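For the sequence shown, my numbering begins at 1226 and goes up steadily by one.
Glycine is no exception: its CB is placed at the ideal position from the N, C-alpha and C atoms.
Source: prediction; values computed, not measured.
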Amino acid sequence: MRGSFKIAQVAGISINVHVTFLLLLIVFGRFFFFVLAVFFFVTLHELAHSLVAKKFGINVKEITLLPIGGIASMAKMPEKPYQEFFISIAGPLTNIAVVVIFYFPLRTLFGSDVFFGALGSFFTGYMPADFKYGFVICQIYWVNLILAIFNLLPAFPMDGGRILRSLLAQRLGFRKATKIAVNFGHIFAILFGYIGLMHGRIILLIIAVFIYMAASSEGVHVDVRAVLRKFRVKDILPTNFLTLAPDANLAKVLELIFHSHQEDFPVIGPSDRMLGFVTRQDVVNGIHQYGVNGLVSSCMRQEIPSVRDQETLYDVQNIMQERSVKALPVTKGGKVVGIVTTEDISRVYSMMAGRS
1226 MRGSFKIAQV AGISINVHVT FLLLLIVFGR FFFFVLAVFF FVTLHELAHS LVAKKFGINV
1286 KEITLLPIGG IASMAKMPEK PYQEFFISIA GPLTNIAVVV IFYFPLRTLF GSDVFFGALG
1346 SFFTGYMPAD FKYGFVICQI YWVNLILAIF NLLPAFPMDG GRILRSLLAQ RLGFRKATKI
1406 AVNFGHIFAI LFGYIGLMHG RIILLIIAVF IYMAASSEGV HVDVRAVLRK FRVKDILPTN
1466 FLTLAPDANL AKVLELIFHS HQEDFPVIGP SDRMLGFVTR QDVVNGIHQY GVNGLVSSCM
1526 RQEIPSVRDQ ETLYDVQNIM QERSVKALPV TKGGKVVGIV TTEDISRVYS MMAGRS
């Protein structure tokens, strides 16, 4: 995610902190270690989601910590309802496991008054006159229970909303189940917003806005998926396209970009074999580095995936997002037959969304 920096890596998953997270540390600077401890468990929660997702073959590039929580960036949505169920429930179960494991040790160590008093402080605002680390440790412990309960609310974008969808999808289908869970998300957002306004709780207002927007975004994403799965690459493939030779100079490529509607080009060698791929940005970077007389071969991408003309636009979109590219070469029988771009895919959705 833009505006974030890496602090660790676990099981091939980058753990990032968004710059806005630093605002949280500034605002709650007095409780610096408390905030860090809470987000340790938030990270643990997101890691549980991510590791289960990887078990199902879903790539997870990063986990980003934000002031409102953590976000695991998965390459694609789970294909089967049971996969979404297990991925979604893994996070809350991890927090519940922490609660179960440390219940008796912490209660015994600090006593019932401190132990349960820490839980009550979240609702009463009570803090002991003499600052006690045991009280804070118990508060951090109870945060796990609060995280689990909050995330199990049956509304998007919380885990409970995804669990609800996974259960409903088995009978109603994925799209209808999503609409129900999104509606629950909107209801909870309005409820949190009302409580926040009535009691002057700014944090509840922020959470309400986040829930409403995230739920709406999920609904749109599922609509996109439904539409794009109806079309294959061959359905939108241009009848003609331009290719480049590896020894073409960048001035020629720039001329092609100016005088055609194409900005990305397969690089073709002998026997019509694809050697690489060049995007508009590659050309710009190449001209800055090598000048207009530089060769295509000096700036082409050699490690770029190709897609088959039989693949759905939804699958192609996932590949583009995972590889952070805006265009891909299309092959059939081992030969390049065209290119597909994000603009092509967006055009299909904008034309067909109203009919679906």
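Of the residues the options, the one placed nearest residue i, counting alpha carbons only
i: Q1395; options: V1509, E1304 and P1379; result: E1304
i: R1454; options: P1379, T1537 and A1315; result: T1537
i: G1559; options: T1289, P1471 and V1532; result: V1532
i: N1465; options: V1562, I1238 and S1346; result: V1562
i: F1335; options: I1314, F1381 and G1359; result: G1359
i: E1287; options: K1301, I1371 and S1239; result: S1239
i: F1340; options: V1361, T1349, I1326 and F1348; result: V1361
i: G1345; options: L1370, I1326, F1327 and F1329; result: L1370
i: N1376; options: H1270, Y1328, T1468 and S1275; result: H1270
i: D1460; options: F1257, Q1535 and A1273; result: Q1535
i: I1296; options: A1406, T1268 and I1405; result: T1268
i: Y1539; options: R1498, A1273 and A1300; result: A1300
i: L1276; options: Q1487, E1309 and N1510; result: E1309
i: A1473; options: F1435, P1491 and H1486; result: P1491
i: F1409; options: M1545, P1330, G1425 and A1380; result: A1380
i: S1608; options: F1329, V1235, S1442 and L1272; result: Absent from the structure is residue 1608, since the part of the chain shown begins at 1226 and ends at 1581.
i: V1407; options: A1440, G1385 and T1289; result: A1440
i: R1390; options: M1577, M1302, G1418 and Q1546; result: M1302
i: P1306; options: L1429, L1430 and G1386; result: G1386
i: I1232; options: S1575, T1289 and F1348; result: T1289
i: I1436; options: G1425, I1388 and L1378; result: L1378
Between the CA atoms of residue j and residue i - distance to the nearest angstrom
i: A1414; j: A1373; result: 18 Å
i: M1423; j: S1337; result: 34 Å
i: H1411; j: I1493; result: 51 Å
i: V1573; j: I1564; result: 15 Å
i: G1516; j: Q1506; result: 14 Å
i: F1230; j: E1480; result: 38 Å
i: G1444; j: T1333; result: 47 Å
i: F1483; j: L1261; result: 52 Å
i: V1555; j: K1401; result: 33 Å
i: M1383; j: L1318; result: 14 Å
i: K1551; j: A1343; result: 51 Å
i: F1327; j: V1263; result: 15 Å
i: G1501; j: R1457; result: 23 Å
i: L1291; j: A1315; result: 20 Å
i: E1488; j: F1257; result: 49 Å
i: T1403; j: V1244; result: 32 Å
i: I1420; j: T1567; result: 41 Å
i: P1471; j: D1497; result: 12 Å
i: K1357; j: V1541; result: 55 Å
i: N1510; j: A1433; result: 43 Å
i: V1478; j: I1427; result: 54 Å
i: V1503; j: L1469; result: 9 Å
i: S1298; j: S1485; result: 36 Å
i: L1475; j: M1499; result: 18 Å
i: L1467; j: L1553; result: 13 Å
i: F1329; j: F1266; result: 19 Å
i: Q1514; j: V1508; result: 10 Å
i: S1549; j: I1405; result: 32 Å
i: I1570; j: L1462; result: 11 Å
i: P1495; j: V1521; result: 15 Å
i: V1242; j: V1235; result: 14 Å
i: I1544; j: F1399; result: 22 Å
i: G1519; j: L1429; result: 56 Å
Where residue i falls: helix, strand or coil (DSSP)
i: L1429; result: helix
i: G1501; result: strand
i: R1454; result: coil
i: T1245; result: coil
i: Q1234; result: strand
i: A1473; result: coil
i: T1468; result: coil
i: M1178; result: Outside the shown range of the chain, which is 1226 to 1581, sits residue 1178, and nothing can be said about it.
i: I1570; result: helix
i: G1295; result: strand
i: L1462; result: coil
i: I1312; result: helix
i: V1288; result: For the record, residue 1288 in the displayed sequence is Ile; it is not Val. Note: I1288 maps to strand in three-state DSSP.
i: S1229; result: strand
i: I1283; result: coil
i: I1240; result: strand
Residue range of the unbroken beta strand (DSSP E) whose run includes residue i
i: N1174; result: This structure leaves residue 1174 out entirely; the chain is present only between 1226 and 1581.
i: T1566; result: K1560 to T1566
i: A1552; result: A1552 to K1557
Residue interval of the alpha helix (DSSP H) (run including residue i)
i: I1362; result: Y1358 to N1376
i: P1491; result: Here P1491 belongs to no alpha helix (DSSP H); instead the beta strand (DSSP E) covers F1490 to I1493.
i: T1403; result: F1399 to H1424
i: E1536; result: Segment: none, E1536 is in no alpha helix (DSSP H) and carries neither H nor E.
i: A1343; result: S1337 to T1349
i: E1271; result: F1257 to K1280
* Asked: Quick one: any contact between the stretch 1446 to 1455 and the stretch 1517 to 1528, if contact means 3 or more CB pairs under 8 Å?
  -> no
* To do: Determine contact between the stretch 1321 to 1333 and the stretch 1379 to 1396, defined as no fewer than three beta-carbon pairs at a distance below 8 Å.
  => Touching, no, given that fewer than three Cβ pairs across the two stretches are closer than 8 Å.
* Is there contact between the stretch 1276 to 1295 and the stretch 1360 to 1371, where contact requires at least three CB pairs shorter than 8 Å? -> Short answer: they don't touch.
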